[in-house]
Amino acid sequence: MSSPYLAPVTLALLITVGGMLAGCNKSAPAPSVSAHDAVAVDVALATLSDKASVTVLTGRLEAYRTAQVRARVAGIIEKRTYTEGEDVKAGALLFRIDPAQLIANLQEVEAELAQAKVATEAVSDIAKRSKQLVAIDSISVQQYRKDLFAEKVARAAEQSLAAKVRSAQLQKTYASVTAPISGRARRALVSEGAMVGQDEGTPLTTIEQIDPIYVNFSQPTNDFLALQNSNTSGLKASATMPINLKLGNGHRYAHSGTLLFSDTAVDPQTDTVAMRAVFNNPDHLLLPGMYVQVEFHAPDAGPTVLIAQQALTRTRAGAYVMVEDNGHARQVSVHADSLEGKQWRVTSGLSGGERVILDGSALADGQAVAVKPSTSTSAVAESQ
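To convert, note that position 134 of the sequence shown is 141 in our numbering; the numbers rise steadily by one, no gaps.
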């Protein structure tokens, strides 16, 4: 027989256990992202610029004309007659080679020529006499032809020796080594008393014309195509663009240059196009072999976007920036190949006004970020 007092107790226990089971079946609420979990970042606004794009490339100077002076005859250097590093005129005497052997060679062939002339006169007289005799049948026609042939051989020998005399005379003039072009003569490669020209032309010095002077540089293919596409008349319009130089000490060269040509082929190893400009160099401040920065303004292609230099990240896949977007970092691929001061000039990927994260290379796409309120304003100011 059940006790009347157990029913209320049992009912209370059942209600309590049921409530506990119902509480266990409820799912716990998802934790919300705290502001403390976001990475604090500095940002700088991407700004629009109407300034013409400035392309900066590395170039190397090359002499306008270069002539290597060589010994054209064998002999001993008697004297160097120019000052190393000074300007010389075309035809100026640079070296003097001992001409004694050359004079002797000339005298020898002149004597041989004199003998040949005497021999030619003798056989010529015989040929004339034979012509008269054959006319009266005093000698045979065969004999006359022999005498005539001998005369022709003698004259040919005389002409050959005359050519040798002219060659010996020319060789003698080579004892005086002169400048083939006007320019600056570099250091001498031989000293007085040296034997030169034994087997081949011995290099003696080099003369370089450096006013005007060339600068050779290469431009990436994409930029070259953009430059050509922005001109209605192609390279002819590009050739009118002034080109400036910045020297190794940071100073800008006083004279502007002009574009001479661009190569007709792309270097497959570097994907660049070789280009050349020419500059006046009246003070000889520019020297061959110097590295310089080549600067020129591309034709106006509309406004471009400027971003802080430290905001850009480059990888093998290309360049990108991280942009702050509603509390998250968003990766944006960009095209940026030229600097303007401390800012990259972006030609695609950004439209201006984006909050670009500085030093965002360590951030992941979609990562939560929080802009530093104390530094964001200064970061924008410093980047502009």
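We put the beta carbon where it would ideally sit given N, CA and C, even for glycine.
Collapsing the DSSP output to three states places Thr88 in coil.
A distance below 7 Å between beta-carbons, with the five flanking residues on each side excluded, links Leu168 to the following residues of its chain, in chain order: Val116, Glu119, Leu120 and Ala123. Excluding sequence positions up to five before and after Ala182, its CB lies within less than 8 Å of the CB of Val80, Gly82, Arg103, Ile104, Asp105, Pro106 and Leu109, all in the same chain and listed in chain order. Secondary-structure assignment with DSSP links Tyr181 through no beta bridge to anything. Out of Ala45, Gln166 and Ala53, the CA that lies nearest to the CA of Gln316 is found in Ala53. Per the C-alpha coordinates, the member of Met202, Ile364 and Asp332 positioned closest to Ala78 is Met202. Pairing Val330 with Ser345, the inter-Cα distance amounts to about 20 Å. Between Glu128 and Asp206, the alpha-carbon positions lie close to 40 Å from each other. DSSP lists Gly325 as the bridge partner or partners of Thr322.
Residues Pro187, Ile188 and Ile214 of the same chain have their beta carbon placed closer than 6 Å to that of Ala74, with the five preceding and five following residues left out of the count. Each residue's CA atom was taken as its position, placing Leu319 and Arg87 some 58 Å apart. Ser355 sits in a strand when the DSSP states are folded into three classes. By a beta-carbon distance limit of 8 Å, Gly367 does not contact Val63. Their separation comes to about 25 Å.
Lys349 sits in coil when the DSSP states are folded into three classes, being neither helix nor strand. The beta-carbon separation of Tyr151 and Ser131, rounded to 14 Å, does not stay under the 8 Å limit for a contact.
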